[in-house]
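Protein chains in written order, with my numbering: chain A, 6 to 693; chain B, 2 to 121; chain C, 14 to 222.
Cβ coordinates follow ideal geometry from the N, Cα and C atoms, glycine included.
Quick notes on the structure that follows.
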Amino acid sequence: MQVAVDGPWSPLLGRLTLEAIPYTNPILLFTFAIAATAGIVVVGSVLYFRKVGYIWREWLCSVDHKRIGVMYMILGLVMLFRGFIDGVMMRTQQAIAIGPDSPGYLGAAHGYLPPYHFDQVYSAHGTLMLIFAATPLLTGLGNIIVPLQIGARDMAFPYLNAVSLWLTVAGALLCMISLFVGEFSNATWVGLMPFAELPSNPGVGVDYWMWALQISGLGTTFNAINIITTIVKMRAPGMGWFRVPVFTWVNMATAIIGVTAFPVLTAALAMLGLDRYVGTHFFSAGFGGNYMLYINLFWTWGHPEVYFLVLPAFGLISEIVSTFSAKSLFGYPTMIAASMGIAGVGWVVWAHHFFTMGMGPNLIGFFSAATMIVGIPTGVKAFNWVFTMFRGRITLATPMLWAITCILLLLVGGITGMMLSASVVDYTVHDSVFVVAHFHCMVLVIGGGVFAAVTYWWPKVFGFKLNETLGQWFFWTFVAGSVLVFVPMFMAGLDGETRRLDYLWDTSLRPLMLLEVVGIAVYFLSVFFFLAMIVVSLAKREPAEQDAWGTGRSLEWLTQTPVPFYNFAVTPQVHALDELSWRKANGLEKAQPSTYVPIHMPSSTGLPFIIGMLGFACTFALVWRIWWLAGASLLAIILLVIIRSFDKNEGYVLPAETIAAAERNLSTVSVIAEQSKVLPVGGHAEAH
Amino acid sequence: MAAHNDPLAHPEVRQGSVLRYVAGTVLSAGAMYFAYVQSQGQHPVVQLLEILGGALLFSLVTQAALFFGLDASRAQIWKSISLILTVPLFLVMIGISVWAFASLYNRTMPDPAIMNSMSM
Amino acid sequence: MASFTKAGADTVLWNPGADAHDTISARTYGFWLYLLGDALIIAAVFACYAVLNNPLNANGGPLGKDFLSASKGMLQTFIVLGSVLSYSLATVALKRGSKLGVSLGMIGAILLAVVFLGIGLGDLAALSAAGDGFARSGYLSCFFTLILTHALHMGFGILWMLVMLVQVGVFGFTENVVARLLNLRMFWQFQASVWVVVYIYVYLFGGAH
Chain A
6 MQVAVDGPWS PLLGRLTLEA IPYTNPILLF TFAIAATAGI VVVGSVLYFR KVGYIWREWL
66 CSVDHKRIGV MYMILGLVML FRGFIDGVMM RTQQAIAIGP DSPGYLGAAH GYLPPYHFDQ
126 VYSAHGTLML IFAATPLLTG LGNIIVPLQI GARDMAFPYL NAVSLWLTVA GALLCMISLF
186 VGEFSNATWV GLMPFAELPS NPGVGVDYWM WALQISGLGT TFNAINIITT IVKMRAPGMG
246 WFRVPVFTWV NMATAIIGVT AFPVLTAALA MLGLDRYVGT HFFSAGFGGN YMLYINLFWT
306 WGHPEVYFLV LPAFGLISEI VSTFSAKSLF GYPTMIAASM GIAGVGWVVW AHHFFTMGMG
366 PNLIGFFSAA TMIVGIPTGV KAFNWVFTMF RGRITLATPM LWAITCILLL LVGGITGMML
426 SASVVDYTVH DSVFVVAHFH CMVLVIGGGV FAAVTYWWPK VFGFKLNETL GQWFFWTFVA
486 GSVLVFVPMF MAGLDGETRR LDYLWDTSLR PLMLLEVVGI AVYFLSVFFF LAMIVVSLAK
546 REPAEQDAWG TGRSLEWLTQ TPVPFYNFAV TPQVHALDEL SWRKANGLEK AQPSTYVPIH
606 MPSSTGLPFI IGMLGFACTF ALVWRIWWLA GASLLAIILL VIIRSFDKNE GYVLPAETIA
666 AAERNLSTVS VIAEQSKVLP VGGHAEAH
Chain B
2 MAAHNDPLAH PEVRQGSVLR YVAGTVLSAG AMYFAYVQSQ GQHPVVQLLE ILGGALLFSL
62 VTQAALFFGL DASRAQIWKS ISLILTVPLF LVMIGISVWA FASLYNRTMP DPAIMNSMSM
Chain C
14 MASFTKAGAD TVLWNPGADA HDTISARTYG FWLYLLGDAL IIAAVFACYA VLNNPLNANG
74 GPLGKDFLSA SKGMLQTFIV LGSVLSYSLA TVALKRGSKL GVSLGMIGAI LLAVVFLGIG
134 LGDLAALSAA GDGFARSGYL SCFFTLILTH ALHMGFGILW MLVMLVQVGV FGFTENVVAR
194 LLNLRMFWQF QASVWVVVYI YVYLFGGAH
């Protein structure tokens with residue numbers, strides 16, 4: 006039944022042996038030293054400050070959408086850093102390994118990374134950046150902001166929300182552990198077929214990559230279901246569809262992609278898994294398999310996934326441009342239509358990732374035209390932002406700087422995208438670094454949007470603003486680094502440099518490669534300024550106003566700062582698209598509810614965390630083919646889900662007096678505060 | 002809310018009806034039987050595809066309307082809308098994949114008849 | 014937006030208690046979204062099946078038209094629809110709050126599902142025994158996966174029904190139990206709809222050409 010694999014296998018440990026630990030590789034030893042130090046510092050400080058109980062109760066067991074969102078963001082930032090280090094390795098390798106006379110170190114013929122290792126580095130870079138950095142960062146922002154913007158108490162399914170987070174964490178853990186136990190995939194982040202099949206790739210690298218994607222994809226799908234249900238069912242009274250803030254709208258569009266596209270990835274990876282584990286022949290070369298079928302399915306998910314990532318960034322830019330222009334968003338209905346249009350058209354463009362397959366002129370024409378159509382709603386958005394700024398009172402605070410830069414980057418990325426959508430151009434530059442530079446411009450829009458949003462909403466969540474000076478230093482170094490890395494990359498692409506090269510024969514590319522390394526150095530500076538910004542701001546902690554930027558427009562600025570764990574003491578009635586602006590215009594922004602009623606809250610539970618960790622155990626066991634462990638943890642998950650369904654805990658009720666007291670002393674109920682014990686209720690809550 | 006206090010009073014519970022379910026089963030099974038009988042006859046492929054597709058569509062619509070109880074009522078409207086938005090994606094994914102690979106096979110693969118005779 | 018309404022003396026700014034939403038509707042809707050996602054997983058397998066149902070992908074082995082029996086499939090279809098009807102009648106008994114009616118309906122649905130799985134899995138076992146197992150060719154891989162994906166859904170449905178039989182007995186019709194029974198009904202109907210598509214496309218259309 007199961008496919009025989011090379012090398013030793015034991016029933017207890019599967020393929021896992023001592024040789025799987027790469028203790029001979031100096032680069033990985035160095036990485037391990039750093040990771041271990043960081044781990045010891047984190048765990049040590051938690052123990053030293055006696056925060057184990059706090060971390061467990063208030064964070065790991067939390068079902069609060071804001072805390073889950075913050076944990077998503079932390080995960081995303083950590084993974085962003087690791088992905089960045091992968092990028093650094095690629096850039097330095099390519100700067101060294103140029104031409105036959107280039108030196109080789111650490112056992113490599115050229116540069117310091119042998120081809121097999123280099124392949125893993127770029128595969129990890131892509132996987133981490135898209136799946137474990139960009140996705141959690143944006144999911145986290147959606148988690149924090151969407152319920153606040155629609156005046157909801159929490160997500161529709163708080164428990165499922167926590168499960169989604171911990172499944173994503175499980176995937177990230179799988180990627181991290183692949184550094185020190187075994188290896189990562191060398192078949193790129195998309196999984197090249199039939200190269201990722203067992204006969205050509207018998208190691209565990211592809212399995213790590215496959216299961217990491219699979220388990221985090223599950224988390225993302227659940228999260229998308231949660232977001233849609235929340236937006237459809239839990240908007241505050243008075244919030245009709247045309248009063249829904251634009252960031253919530255784009256999250257709706259994104260979640261639609263999440264529910265519809267991610268299952269296709271699940272299916273594609275499941276089939277790859279069947280090929281690798283039980284010996285089916287979906288994507289085999291030979292045996293009646295068809296490996297282009299995998300590429301087809303992968304991009305059926307993969308292209309909508311691109312818009313899954315970029316649409317929230319568009320929403321962030323919309324919110325920020327409007328707030329810092331002190332004007333309502335220009336063309337709000339067209340913005341919604343454009344978001345939905347991009348989500349819809351995004352579903353019929355996937356084959357432009359493999360124009361060169363040989364599918365014939367009809368299909369290429371179809372996909373080429375469909376791809377060009379994406380430019381229309383995107384252009385609508387860009388013009389709407391510009392018209393929003395036009396005659397607005399613009400404040401060039403850090404979030405606004407990021408947002409404006411995003412618009413410029415979108416222009417560069419978008420126009421090169423239009424070039425690539427023309428199949429004749431694509432045939433010429435297919436798989437060149439021109440394409441790489443193009444999509445990095447787009448993911449920089451995402452990155453910029455996220456940094457803008459973090460600066461923008463930070464005071465809402467934590468109660469104090471980030472340091473403006475260091476924020477601007479971070480911004481300018483980041484932008485300079487981006488220009489220095491990606492402008493030369495466009496040029497190298499047009500000069501014919503193909504992607505994924507561990508060695509460049511063409512010595513004329515050396516100046517460009519060196520320029521890119523300078524860019525990477527500047528990026529390092531920006532990382533330093535980012536960390537400095539966080540540290541300095543944490544140390545200062547000047548309390549922010551309820552409406553931290555003074556020009557906030559939507560509902561999230563109506564609640565207290567920092568947001569109490571129950572969000573709104575009393576659910577607001579919505580009268581306009583920009584509710585806070587409406588209240589300001591009527592002089593009502595200071596109005597407070599006169600009476601409080603008890604609130605029904607969900608109880609914290611450690612089960613999602615345990616399920617996530619069991620998911621990690623199960624997938625790790627599958628990677629190493631430790632069948633007993635995989636079976637046991639899967640069974641444990643199923644049993645836990647069943648046992649939980651017999652649990653009668655229906656949450657607890659927050660009495661009106663507690664809320665009134667909390668509203669007077671907000672620091673005790675903020676996101677980072679320890680919450681007091683409240684009585685759980687059995688049976689039905691009268692509070693409803 | 003009333004529905005909240007007595008779960009059995011929820012509109013989705015009240016929706017159940019013997020008549021609808023029996024009718025749904027009979028119509029759906031009938032469509033399948035019709036398709037079965039037709040598939041045993043000698044129809045050209047395109048015509049058979051139309052007949053089977055019609056029977057399938059009829060059966061699925063019956064199930065959506067009578068079993069899932071999809072309609073434009075307040076309780077069900079969002080399910081109906083979600084389904085309507087998703088159906089094109091099924092068609093796009095399956096249709097375009099078939100189109101792409103039929104065209105790819107036409108352009109790059111040997112005629113199966115020739116290939117079979119070669120391998121025999 | 015342009016339409017600016019001025020606040021008056023009677024403007025309501027706060028809605029105490031408005032956060033209590035209809036949880037049953039939220040849960041059935043969330044589960045409905047899950048089903049749509051699940052349907053896309055199956056659609057992806059169908060897309061593969063449509064591509065691989067080709068002599069080029071048979072690796073010299075059989076295609077569906079060589080071994081599928083449309084009449085046996087018809088019998089299976091009737092059994093699936095009967096199982097769904099049985100569970101649906103259980104939800105009619107739910108209206109009356111009848112534990113007995115709900116339990117009987119579920120037991121009927123389970124029994125018919127077990128018969129269905131017996132026939133289906135028996136066919137696959139016979140096919141494997143004849144040397145045409147899933148590892149024979151790309152086509153057979155996809156055929157087995159398609160049938161087993163549906164069977165896996167049925168298996169989970171049966172497990173879920175067994176759990177619900179216990180919960181109906183232990184808890185009666187609480188909000189949680191009712192929401193789960195409604196979701197389970199959608200799930201059970203969903204697998205039947207999938208089977209209907211499998212039957213038409215794989216057994217009838219694939220069998221005839």
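Quick one, which residues of the region 255-280 of chain A are near chain B if we go by CB-CB under 8 Å, in chain order?
Ile261, Thr265, Val269
Kindly indicate the opening and closing residues of the alpha helix (DSSP H) around Met494 of chain A.
By one-based count along the first sequence, residue 494 of chain A stands at place 489. Where Met494 of chain A is concerned, the enclosing alpha helix (DSSP H) stretches over 473-499.
Give a yes or no on whether the minimum CB-CB distance between Ser104 of chain B and chain F is below 7 Å.
Within the model displayed, chain F is absent; protein chains A, B and C are what it includes.
Can you confirm whether His358 of chain A, when its beta carbon is compared against all beta carbons of chain C, has any partner nearer than 7 Å?
Residue mapping note: residue 358 of chain A aligns to position 353 of the first sequence, counting from 1. It does not; no Cβ of chain C falls within 7 Å.
Residues sharing a beta bridge with Ser437 of chain A, DSSP
Counted from its first residue, the first sequence places residue 437 of chain A at position 432. Its beta-bridge partners are A:Thr503.
Starting from Phe27 of chain C, follow its DSSP beta bridges and name the residues at the other end.
Mapped onto the third sequence, residue 27 of chain C falls at position 14. The residue asked about is misnamed: residue 27 of chain C is Trp in this sequence, not Phe. Paired residue(s): A:Pro577.
Please list, in chain order, all residues of the same chain as Glu473 of chain A whose beta carbon is under 8 Å from its beta carbon, the five residues on each side excluded.
For the purposes of this step, residue 473 of chain A is taken as residue 468 along the first sequence, with counting starting at 1. Within the same chain, Glu473 of chain A has close Cβ partners Ala402, Thr403.
Which of the three DSSP states, helix, strand or coil, is assigned to Gly694 of chain A?
It is not possible to answer for residue 694 of chain A, since the shown part of chain A is limited to 6 through 693.
Extent of the continuous beta strand (DSSP E) run through His357 of chain A:
Within the first sequence, residue 357 of chain A is the residue found at index 352, counting from 1. Careful: His357 of chain A lies outside any beta strand (DSSP E) and carries neither H nor E.
Span of the beta strand (DSSP E), counted from its first residue to its last, around Met606 of chain A
Residue mapping note: residue 606 of chain A aligns to position 601 of the first sequence, counting from 1. Note, Met606 of chain A: beta strand (DSSP E), 604-606.
Counting along the chain, where does the alpha helix (DSSP H) carrying Val326 of chain A start and finish?
Counted from its first residue, the first sequence places residue 326 of chain A at position 321. Counting along the chain, the alpha helix (DSSP H) containing Val326 of chain A begins and ends at 296-329.
DSSP three-state call for Pro548 of chain A: helix, strand or coil?
By 1-based counting over the first sequence, the position of residue 548 of chain A is 543. Strand.
Going by beta-carbon coordinates alone, are Phe469 of chain A and Arg546 of chain A separated by less than 7 Å?
Translated into positions along the first sequence, residue 469 of chain A becomes position 464. Translated into positions along the first sequence, residue 546 of chain A becomes position 541. Yes, Cβ-Cβ distance for Phe469 of chain A and Arg546 of chain A is below 7 Å.
Hey, could you find the ends of the beta strand (DSSP E) Val658 of chain A is sitting in?
Here the question's residue 658 of chain A lines up with position 653 in the first sequence. Counting along the chain, the beta strand (DSSP E) containing Val658 of chain A begins and ends at 657-659.
Suppose contacts are defined by Cβ-Cβ distances below 7 Å. Is Ala641 of chain A in contact with Leu612 of chain A by that definition?
Position 636 of the first sequence holds residue 641 of chain A. Position 607 of the first sequence holds residue 612 of chain A. Taking 7 Å as the Cβ cut-off, Ala641 of chain A and Leu612 of chain A do not qualify as a contacting pair.
Just reading off the alpha helix (DSSP H) that His166 of chain C is part of, what are its end residues?
As a position in the third sequence, residue 166 of chain C is number 153, starting the count at 1. Element bounds for His166 of chain C: 151-184.
Would you please state the rounded distance, in angstroms, between the beta carbons of Ala229 of chain A and Ala260 of chain A? I believe it to be under 8 Å.
Along the first sequence, one-based indexing puts residue 229 of chain A at 224. Along the first sequence, one-based indexing puts residue 260 of chain A at 255. Contact flag correct, Cβ pair sits at about 4 Å.
Report the residue from C:Trp45, C:Tyr152, C:Gly95 whose alpha carbon sits nearest the alpha carbon of Gly73 of chain C.
Residue numbering aside, residue 73 of chain C sits at position 60 when the third sequence is read from its first letter. For the residues C:Trp45, C:Tyr152, C:Gly95, the minimum Cα distance to Gly73 of chain C belongs to C:Tyr152.
Looking at the secondary structure, which residues open and close the alpha helix (DSSP H) in which Asp212 of chain A lies?
Taking the first residue of the first sequence as 1, we reach residue 212 of chain A at position 207. Per DSSP, Asp212 of chain A belongs to the alpha helix (DSSP H) from 210-238.
Contacting residues, own chain, Cβ-Cβ under 6 Å from Thr576 of chain A (five flanking each side not counted):
Stepping through the first sequence from its first residue, residue 576 of chain A is reached at position 571. Once the five neighbours on either side are set aside, the close Cβ partners of Thr576 of chain A are Gly156, Ala241.
Enumerate, from N- to C-terminal direction, the unbroken alpha helix (DSSP H) stretches of 4 or more residues contained entirely within the region 39-119 of chain B.
46-63, 78-109
Between Gly524 of chain A and Leu489 of chain A, what straight-line distance do the alpha-carbon atoms span, to the nearest angstrom?
Looking up residue 524 of chain A in the first sequence gives position 519. Looking up residue 489 of chain A in the first sequence gives position 484. If you take the alpha carbons of Gly524 of chain A and Leu489 of chain A, they lie about 4 Å apart.
Does Pro242 of chain A come within less than 7 Å of chain C when only Cβ atoms are used?
The sequence position of residue 242 of chain A within the first sequence is 237, counting from 1. Pro242 of chain A counts as touching chain C.
In terms of alpha-carbon separation, which member of A:Met494, A:Val440, A:Val628, A:Ala544 lies closest to Ala100 of chain A?
On the first sequence, residue 100 of chain A is found 95 positions in, with the first residue counted as 1. The shortest C-alpha separation from Ala100 of chain A is found at A:Met494.
On the criterion of 16 or more Cβ atoms from any shown chain inside 10 Å, does Leu170 of chain A qualify as buried, or is it exposed?
Counting from one through the first sequence, the residue named residue 170 of chain A turns up at place 165. That one is buried.
Three-state secondary structure (DSSP) at Gly12 of chain A?
Here residue 12 of chain A is taken as the residue at index 7 of the first sequence, counted from 1. In the structure shown, Gly12 of chain A sits in coil (DSSP, three-state: anything other than H, G, I, E or B).
Nearest chain B C-beta to Ser82 of chain C closer than 7 Å, yes or no?
Here residue 82 of chain C refers to the residue found at position 69 of the third sequence. False, the Cβ-Cβ gap to chain B never drops below 7 Å.
What's the gap between the Cα of Val676 of chain A and the Cα of Ala33 of chain C?
Here residue 676 of chain A refers to the residue found at position 671 when the first sequence is read from its first residue. Here residue 33 of chain C refers to the residue found at position 20 when the third sequence is read from its first residue. Taking the straight line from one Cα to the other gives about 22 Å.
Gln202 of chain C, enclosing alpha helix (DSSP H) - first and last residue:
Locating residue 202 of chain C in the third sequence gives position 189, where the first residue counts as 1. Segment 188-211, the alpha helix (DSSP H) holding Gln202 of chain C.
Nearest-angstrom Cβ-Cβ length linking Val568 of chain A and Met244 of chain A, presumed shorter than 8 Å
Here residue 568 of chain A refers to the residue found at position 563 of the first sequence. Here residue 244 of chain A refers to the residue found at position 239 of the first sequence. No, Val568 of chain A and Met244 of chain A are not in contact; Cβ-Cβ is about 18 Å, not under 8 Å.
In the structure shown, what three-state DSSP assignment does Phe469 of chain A receive?
Taking the first residue of the first sequence as 1, we reach residue 469 of chain A at position 464. Strand at Phe469 of chain A.
Spatial distance of Ser141 of chain C from Pro45 of chain B (CA atoms):
On the third sequence, position 128 is the one that residue 141 of chain C refers to. On the second sequence, position 44 is the one that residue 45 of chain B refers to. For Ser141 of chain C and Pro45 of chain B, the distance between alpha carbons rounds to 32 Å.
Touch check for the region 423-431 of chain A and the region 108-117 of chain A: three-plus C-beta pairs under 8 Å?
no
Identify which residue in A:Thr225, A:Leu179, A:Pro207 has its Cα closest to the Cα of Trp214 of chain A.
On the first sequence, position 209 is the one that residue 214 of chain A refers to. Measuring from the Cα of Trp214 of chain A, the nearest candidate turns out to be A:Leu179.
Quick check: Ser128 of chain A and Thr193 of chain A, are their CB atoms within less than 7 Å of each other?
For the purposes of this step, residue 128 of chain A is taken as residue 123 along the first sequence, with counting starting at 1. For the purposes of this step, residue 193 of chain A is taken as residue 188 along the first sequence, with counting starting at 1. Contact flag set, yes.
Is there a Cβ from chain B that is less than 7 Å from the Cβ of Met364 of chain A?
Walking along the first sequence from the start, residue 364 of chain A turns up at place 359. Closer than 7 Å to some Cβ of chain B, the Cβ of Met364 of chain A qualifies, so yes.
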